[in-house]
DNA sequence: CTCCATTTCAAACGATAGTTTGAAAACTGG
DNA sequence: CCAGTTTTCAAACTATCGTTTGAAATGGAG
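Chains as they are written, first to last, in our numbering: chain H, 25 to 230; chain X, 25 to 230.
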């Protein structure tokens with residue numbers, strides 16, 4: 025029982041993800057989505073019961089894509105030294121700098137939400153952010169074995185902040201006055217530099 | 025020659041700053057602004073030549089307010105030890121966490137711009153970000169006397185990232201699963217904790 | 001007070017937004 | 001192949017957007 029409408033559904037989701045990532049919820053019109061997806065305008069209401077329902081689906085997919093990627097990589101980090109695990113974590117966090125791929129779009133959608141969270145996003149975050157935060161807290165916990173839980177959570181966020189500022193402001197930082205390069209070698213250098221500093225901080229604190 | 029229209033102008037600017045900070049450029053309607061400012065709808069076009077012109081003025085005021093505050097505080101940091109100067113810088117960066125004051129609104133406007141920069145913002149940034157970045161690079165430069173300019177710029181951004189993630193995501197972090205408190209004592213603890221880690225990183229790197 | 005530029009105002013404009021409609025087309029199970 | 005459901009489609013609907021208009025009100029200079 026293959027559903028013929030799945031093709032339309034997927035086309036809408038794909039187009040909507042790109043546009044929501046690029047222009048945000050308010051800045052993206054139904055007409056822009058259907059034009060890119062090559063479907064009829066009423067298809068969105070038929071398949072998703074409106075713009076908001078479509079956005080909900082895009083948000084869920086983005087969240088799933090991001091956390092699954094992070095959790096999968098973190099599963100094997102126990103075999104690495106804490107320093108190598110930290111460096112790998114930071115390099116993965118900086119990955120969206122390299123290409124405008126799917127992960128990059130997912131992060132952009134999250135960036136929009138971080139400015140003005142929708143109720144849909146709030147719910148998603150409160151329900152499903154715990155595993156990802158667990159990965160990060162476990163990582164810093166290997167450096168801070170005596171720290172309490174609150175400190176570990178703050179340390180995890182602090183670590184994420186060191187990466188996210190480069191990812192989030194990629195566009196501005198590529199121009200003057202910073203002129204941050206985005207070729208593979210430069211990003212690798214950036215990842216190693218941040219890893220060195222973060223390692224120094226955690227080692228001297230633990 | 026006092027201009028009677030200044031009252032209307034200021035009322036519009038004040039209302040617009042609040043709404044742009046809260047809902048972003050696209051999410052804020054002219055009608056919402058004039059309703060809050062208690063002025064006629066056409067006043068915006070009369071005084072600012074349209075919504076975009078008004079936004080330009082709000083953006084300029086926000087930029088001025090933020091950087092002036094930072095630059096003024098940085099002027100006397102040369103008398104402090106590098107560790108104390110760093111701690112003060114971090115504490116000032118975290119200030120918007122304490123209250124929803126003017127600085128908090130300015131930062132929110134910048135957050136909107138970091139997701140999808142308007143041409144107005146790009147120009148402003150490329151022309152006037154240098155002094156502020158200079159303060160930050162000078163600060164980290166006291167820890168990294170042998171580093172080249174690119175490394176100092178990256179270190180400055182890296183330092184800003186450690187603070188901005190808490191400021192930017194204040195709303196989400198105050199809820200589950202993080203439950204970050206925002207009373208004065210908690211923020212002071214946060215500032216000292218970040219200062220300790222950042223100091224450790226820069227000391228071990230320099 | 002009078003004159004004239006400045007400022008305010010209510011109303012309407014064209015454009016675009018998200019959604020609804022009802023019929024046509026396509027597909028599926030029998 | 002047919003009957004009945006699912007899916008697509010062009011068009012129109014209502015609401016809201018930013019902007020424009022032209023007259024009314026206001027304020028200061030002579």
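Positions of the beta carbon are idealized from the N, C-alpha and C atoms, including for glycine.
Remember, it's a predicted structure, so these values are computed and weren't measured experimentally.
| Item | Value |
| --- | --- |
| Could you give the DSSP three-state label for residue 42 of chain H: helix, strand or coil? | helix |
| I'd like the list of long-range same chain contacts for residue 165 of chain X, defined as Cβ closer than 6 Å, with 5 residues on each side in sequence excluded. | 176 |
| Given this structure, state the Cα-to-Cα distance separating residue 29 of chain H from residue 66 of chain H, to the nearest angstrom. | 13 Å |
| Would you list, in sequence order, the uninterrupted alpha helix (DSSP H) runs of no fewer than 4 residues that lie entirely inside the region 151–229 of chain X? | 154–165, 173–192, 194–197 and 208–229 |
| Name the chain X residues whose beta carbon is nearer than 7 Å to that of residue 141 of chain H? | 195 and 196 |
| Give the residues of chain H in contact with residue 190 of chain X, contact being defined as C-beta atoms less than 9 Å apart. | 178, 181, 182 and 185 |
| What is the C-beta distance between residue 154 of chain X and residue 168 of chain X, in whole angstroms, given that I count them as a contact (C-beta under 8 Å)? | No, residue 154 of chain X and residue 168 of chain X are not in contact; Cβ-Cβ is about 19 Å, not under 8 Å. |
| Taking the C-alpha atoms as reference points, what is the distance between residue 188 of chain X and residue 84 of chain H? | 26 Å |
| Would residue 193 of chain H be called buried (16 or more neighbouring beta carbons within 10 Å of its own) or exposed? | buried |
| Counting Cβ pairs, one atom from each stretch, are 3 or more of them under 8 Å apart for the region 126–137 of chain H and the region 211–228 of chain H? | no |
| Report yes or no: do the region 137–153 of chain X and the region 67–75 of chain X share at least 3 C-beta pairs separated by less than 8 Å? | no |
| Is there at least one Cβ from chain X nearer than 9 Å to residue 51 of chain H's Cβ? | yes |
| With DSSP collapsed to three states, give me the class of residue 122 of chain X. | coil |
| Give the residues from the region 210–225 of chain X that approach chain H closer than 7 Å (Cβ to any Cβ), ordered along the chain. | 214, 217, 218, 220, 221, 222, 224 and 225 |
| In three-state DSSP terms, what is residue 63 of chain X? | coil |
| Would you say residue 204 of chain X faces chain H, with C-beta separation under 9 Å as the test? | yes |
| Taking the alpha carbon of residue 6 of chain X as the reference point, which residue from X:190, X:171, X:95 and X:172 has its own alpha carbon closest? | An answer regarding residue 6 of chain X cannot be provided, because it is not within the stretch 25 to 230 covered by chain X. |
| Taking Cβ-Cβ distances below 7 Å as the criterion, which residues of the region 66–89 of chain H are in contact with chain X? | none |
| Are residue 207 of chain H and residue 50 of chain X close, meaning C-beta to C-beta below 9 Å? | no |
| For residue 186 of chain X, count the other beta carbons within 10 Å of its own beta carbon; 16 or more makes it buried, fewer makes it exposed. Which is it? | buried |
| Taking residue 233 of chain H as part of the alpha helix (DSSP H), name the residues at either end of that continuous run. | Examination of residue 233 of chain H is not possible in this model, given that chain H is present from 25 through 230 alone. |
| So, are the CB atoms of residue 143 of chain H and residue 150 of chain X less than 9 Å apart? | no |
| Between the Cα of residue 108 of chain X and the Cα atoms of X:211, X:163, X:57 and X:148, which residue gives the shortest distance? | X:163 |
| If residue 110 of chain X sits next to residue 222 of chain X, beta carbons under 8 Å apart, how far is it from one beta carbon to the other, in whole angstroms? | 6 Å |
| Residues of chain H with a CB under 9 Å from the CB of residue 175 of chain X: which are they? | 217 |
| Does residue 82 of chain X pass the burial test, meaning 16 or more other C-beta atoms within 10 Å, or should it be called exposed? | buried |
| Could you confirm whether any beta carbon from chain H is found closer than 9 Å to the beta carbon of residue 94 of chain X? | no |
| Please classify residue 78 of chain H as buried or exposed, where buried requires at least 16 neighbouring CB atoms within 10 angstroms. | buried |
| Return yes when the Cβ of residue 45 of chain H is within less than 9 Å of the Cβ of residue 61 of chain H, no when it is not. | no |
| In chain X, which residues lie less than 7 Å from residue 149 of chain H when you measure between Cβ atoms? | 196 |
| For residue 33 of chain X, which residues from the same chain have a beta carbon less than 6 Å from its beta carbon, with the 5 sequence-adjacent residues on both sides left out? | 71 |
| Any beta carbon of chain H sitting closer than 9 Å to that of residue 29 of chain X? | no |
| From what residue to what residue does the alpha helix (DSSP H) around residue 91 of chain H run? | 75–99 |
| Please compile the residues from chain H whose C-beta is within a distance smaller than 9 Å of the C-beta of residue 228 of chain X. | 220, 221, 223, 224, 225, 227 and 228 |
| Are residue 94 of chain X and residue 116 of chain X close, meaning C-beta to C-beta below 9 Å? | yes |
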